[in-house]
Amino acid sequence: EKKKHAHTRTPLPASQRPTLSLSLHSSDSGAVAAEAKVPYPASPVPDWADAWRAGLTAALASLPPEALAATAGAAVAGTSASVLLVDAGGDWRVPLAPARLYSDGASPAAVALLRGLAKGGHTAAAPTASAAKAVDWWLAGEEGPPSSPLAAALAAASAPTVASAADWIAALLAGDASRLAFTDDNN
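If you read the sequence shown in the working numbering, its first letter stands for residue 9, the second for the next number, and so on.
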């Protein structure tokens with residue numbers, strides 16, 4: 009009989025963990041005026057939205073006030089297909105369900121439904137595609153128990169919206185839910 013080995017992931021030291029990074033650049037020269045890097049918590053991360061929010065808050069707090077005051081604009085980048093389900097018409101700052109990372113796969117039922125709708129091999133039907141994650145949330149809300157937290161949140165939401173992590177972080181920076189409307193449909 010073969011022995012089964014439990015696979016455990018050793019948490020990376022802070023210096024090797026992925027970071028939320030902010031770089032403020034001079035509008036005159038493009039040179040870096042200030043920079044902050046905040047490592048994410050050790051794996052596993054129980055709530056990525058909380059980690060992103062906490063990282064953004066810590067990074068902003070560590071930047072010199074004069075550099076922040078001189079900032080005229082911001083650009084946010086993130087991994088494609090890292091998404092959140094939010095209520096764009098309500099409290100969009102608090103996700104309706106746990107964030108899903110780019111590498112998180114959707115359920116076989118969600119993938120099968122999309123493969124039936126998408127044209128031959130379209131990437132929207134891939135298990136890690138944002139569309140598959142959105143269908144997963146929808147199926148969990150519609151077919152799961154009516155008393156589930158997700159079903160209740162979806163029923164109460166005025167404008168359930170799938171937003172990319174980058175767009176959600178940009179909305180947090182701007183304090184403006186209308187930023188969620190710019191989520192890339194291909195993600």
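All C-beta atoms in this analysis are idealised placements derived from N, C-alpha and C, irrespective of residue type, glycine included.
**Request:** Can you check DSSP and say which residues form a bridge with His33?
**Result:** Val40
### Task
Could you check the C-alpha separation between Pro154 and Ala161 for me, to the nearest Å?
10 Å
May I ask you to report which of helix, strand or coil DSSP gives Lys141?
Residue state, collapsed to three classes: helix.
Open item on the list: When you compare the CB positions of Trp60 and Leu28, do they come within less than 8 Å of one another, or not?
Closed with: yes
Backbone CA spacing between Val53 and Thr136 [nearest angstrom]: Between the alpha carbons of Val53 and Thr136 lies a gap of roughly 19 Å.
### Query
Taking just the CA atoms, how far does Asp144 sit from Glu150?
10 Å
(Q) Is it buried or exposed, Ser35, if we count other Cβ atoms within 10 angstroms and call 16 or more buried? (A) exposed
message = With a threshold of 7 Å on Cβ separation, who are the neighbours of Leu122 within its own chain once the five nearest residues in sequence on each side are excluded?
response = Ala132, Ala133, Ala139, Ala140, Val143
Check: Which whole runs of the alpha helix (DSSP H) in the stretch 61 to 121 are 4 residues long or more, in chain order?
Finding: 73 to 77
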